[in-house]
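Mapping of the sequence shown onto full-length UniProt numbering: residues 1 to 229, in sequence order.
Don't be surprised by glycine CBs; every beta carbon is placed ideally from N, CA and C.
Note that this is a predicted model, so its numbers are computed, not measured.
Report on one structure; see the data block that follows.
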Amino acid sequence: DLWPFEFTSKNLPEGMGIFASFSPGVLEVLFNELFGLETLSYLLSDSPDLVEAASEKVGELIYGAYKKIIGLDNLVGFFQGDDMGFKTATLVSPDILRKYVLPWHKRFAKLAHDNGLLYILHSCGYCDSIMEDLIEDVRIDAKHSFEDAIMPVAEFKRKYGNRISVLGGVDVGKLSQLKEKELRCYVRDILDKCMPGGGYALGSGNSITNYIPVENYLIMLDEGTKWGV
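This is how it looks when you write it as structure tokens:
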């Protein structure tokens with residue numbers, strides 16, 4: 001049902017666009033909705049054909065949903081989430097991701113690009129081992145989801161910011177806990193390091209949670225408004 005997208009498109013403020021997202025990504029559906037991570041790990045060894053069939057079905061459903069929304073007024077891209085990592089590595093081996101997951105992201109990205117749209121990936125965790133795949137093969141336009149304990153956004157921007165755009169990066173823990181003075185300095189430091197050269201958009205490292213104080217969220221926006229003025 002595309003009604004929510006159609007309604008949003010008709011009622012958007014001038015100058016705004018829509019990034020469509022229908023579902024968690026292929027890996028997330030496999031380990032969250034279908035099997036669980038432990039069972040998935042066993043199946044990768046004991047029944048890889050089942051994992052392949054499941055990943056194909058999930059990918060086809062997501063791809064079909066994206067195809068339906070092509071042509072929507074004010075659509076500017078796809079924003080696909082797929083949490084592929086944890087604090088120190090990917091949740092499954094890079095080779096497993098290359099076999100079952102990344103080919104689908106490549107198809108989603110190609111569909112977007114063939115229709116003049118952007119493809120943004122949200123993926124939590126340490127994904128450095130597959131970043132070359134994501135940039136050179138999948139061809140993501142931008143990456144979201146950063147946590148200071150994994151890789152601060154400024155470090156990511158330094159490593160990859162000349163090849164893809166970088167979104168967010170204000171650590172959710174700090175956004176929820178720092179006092180005003182410390183938070184302003186922290187956000188300003190991110191802007192000072194990430195804004196030069198372009199290709200950066202200020203925002204939180206992950207979702208805006210219900211425990212982030214509203215005033216802290218507004219401080220982040222205020223620092224973004226003031227930067228460079």
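Does the distance from the C-beta atom of residue i to that of residue j stay below 7 Å?
{"i": "I62", "j": "S23", "result": "yes"}
{"i": "residue 230", "j": "D148", "result": "Here the chain has residues from 1 to 229 only, and residue 230 is not among them."}
{"i": "S55", "j": "V26", "result": "yes"}
{"i": "R184", "j": "E215", "result": "no"}
{"i": "D82", "j": "C124", "result": "no"}
{"i": "I135", "j": "L97", "result": "no"}
{"i": "Y126", "j": "V166", "result": "no"}
{"i": "F79", "j": "F108", "result": "no"}
{"i": "D133", "j": "L91", "result": "no"}
{"i": "L44", "j": "L30", "result": "no"}
{"i": "N74", "j": "G116", "result": "no"}
{"i": "K157", "j": "C194", "result": "yes"}
For residue i, which residues from the same chain have a beta carbon less than 7 Å from its beta carbon, with the 5 sequence-adjacent residues on both sides left out?
{"i": "Y186", "result": "K174 and L178"}
{"i": "I164", "result": "I135, I140, D141, A142 and K143"}
On the DSSP letters alone, give me the boundaries of the alpha helix (DSSP H) that residue i sits inside.
{"i": "A142", "result": "First-last for A142: A142 to H144, but that is the beta strand (DSSP E), not the alpha helix (DSSP H)."}
{"i": "I120", "result": "Not the alpha helix (DSSP H): I120 falls in the beta strand (DSSP E), residues L118 to H122."}
{"i": "G228", "result": "It is not in any alpha helix (DSSP H) - G228 carries neither H nor E in the DSSP assignment."}
{"i": "I62", "result": "P48 to I69"}
{"i": "V172", "result": "V172 to Q177"}
Helix, strand or coil for residue i, going by three-state DSSP, please let me know.
{"i": "L12", "result": "coil"}
{"i": "F86", "result": "coil"}
{"i": "A201", "result": "strand"}
{"i": "V166", "result": "strand"}
{"i": "A149", "result": "coil"}
{"i": "P103", "result": "helix"}
{"i": "P24", "result": "strand"}
{"i": "P94", "result": "helix"}
{"i": "R188", "result": "helix"}
{"i": "M195", "result": "coil"}
{"i": "T209", "result": "coil"}
{"i": "F35", "result": "coil"}
{"i": "R158", "result": "helix"}
{"i": "E42", "result": "Looking at the sequence provided, one finds Tyr at residue 42 rather than Glu. Helix."}
{"i": "G125", "result": "coil"}
{"i": "L2", "result": "coil"}
List the residues that DSSP assigns as beta-bridge partners of residue i.
{"i": "S112", "result": "The residue asked about is misnamed: residue 112 is Ala in this sequence, not Ser. DSSP lists no partner for A112."}
{"i": "F19", "result": "G77"}
Go through its chain and collect everything with a Cβ distance to residue i's Cβ below 8 Å, but skip five positions before and after it.
{"i": "K106", "result": "D137, V138 and R139"}
{"i": "L2", "result": "K68, I69 and L72"}
{"i": "Y66", "result": "A20, F22, F78, F108, L111 and A112"}
So, for residue i: in the same chain, excluding its five sequence neighbours on each side, which residues have a beta-carbon less than 6 Å away from its beta-carbon?
{"i": "N206", "result": "S145 and V172"}
{"i": "Y211", "result": "S176"}
{"i": "E28", "result": "D82 and D83"}
{"i": "L191", "result": "W227"}
{"i": "V58", "result": "V26 and V29"}
Where do the ends of the beta strand (DSSP E) carrying residue i lie?
{"i": "G77", "result": "L75 to G81"}
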